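If you count the sequence shown from 1, position 13 lands on 13 in UniProt numbering, and the numbers rise without skipping. C-beta atoms are modelled at their ideal positions from N, C-alpha and C, and glycine is treated no differently. Source: prediction; values computed, not measured. Take a look at the structure below.
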Amino acid sequence: QRLDAPSFVDSVVKDFYSFSIGGVPIFEANHIPKIGAVDSGYGAIMSRRALGFLTSVGMSSAMERDESLRATELVTVSDYIAFELDDARGAPMRYEILAHGTAT
Numbered sequence: 001q002r003l004d005a006p007s008f009v010d011s012v013v014k015d016f017y018s019f020s021i022g023g024v025p026i027f028e029a030n031h032i033p034k035i036g037a038v039d040s041g042y043g044a045i046m047s048r049r050a051l052g053f054l055t056s057v058g059m060s061s062a063m064e065r066d067e068s069l070r071a072t073e074l075v076t077v078s079d080y081i082a083f084e085l086d087d088a089r090g091a092p093m094r095y096e097i098l099a100h101g102t103a104t
């Protein structure tokens, strides 16, 4: 199935839109892995047109009865990957990451 990539990518990333700076849309996600022992990690700045999305198995759903819960569950499965298409449309950004803690 061929999808209109720009509008499809827009529909996937719309939940991550936060604000715009100088007409540039800013998208945020909370998954920036920490680099080893230092308190920083790499994220990215990129155009939405730099993203590719490939689906090998479309979304499918089924009802499954779980007697131990005395309930019927809705199970949904999909297999996909999102990836960068063009290095010229993005760049890495290093962020300082603070591990929050509480004092006792």
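Check	Outcome
Can you tell me which residues form a DSSP beta bridge with Ala91?	Ile45
Between Leu85 and Ala44, what straight-line distance do the alpha-carbon atoms span, to the nearest angstrom?	14 Å
Ends of the beta strand (DSSP E) at Glu73?	71–84
Would the beta-carbon of Thr76 fall within 7 Å of that of Met63?	no
Since Tyr95 contacts Gly41 with CB under 8 Å, what's their CB separation in whole angstroms?	6 Å
Heavy atom of the ligand MN less than 6 Å from the Cβ of Ser40, yes or no?	Looking at this structure, you won't find the ligand MN or any other ligand, since it has none at all.
Please name the residue, chosen from Ile97, Ala91, Thr102, that lies closest to Met46 on a Cα-to-Cα basis.	Ala91
What is the residue span of the beta strand (DSSP E) that Asp66 lies within?	51–66
Less than 7 Å separating the beta-carbons of Ser78 and Met59?	yes
Express the C-alpha separation of Thr102 and Asp39 in angstroms, rounding to a whole number.	17 Å
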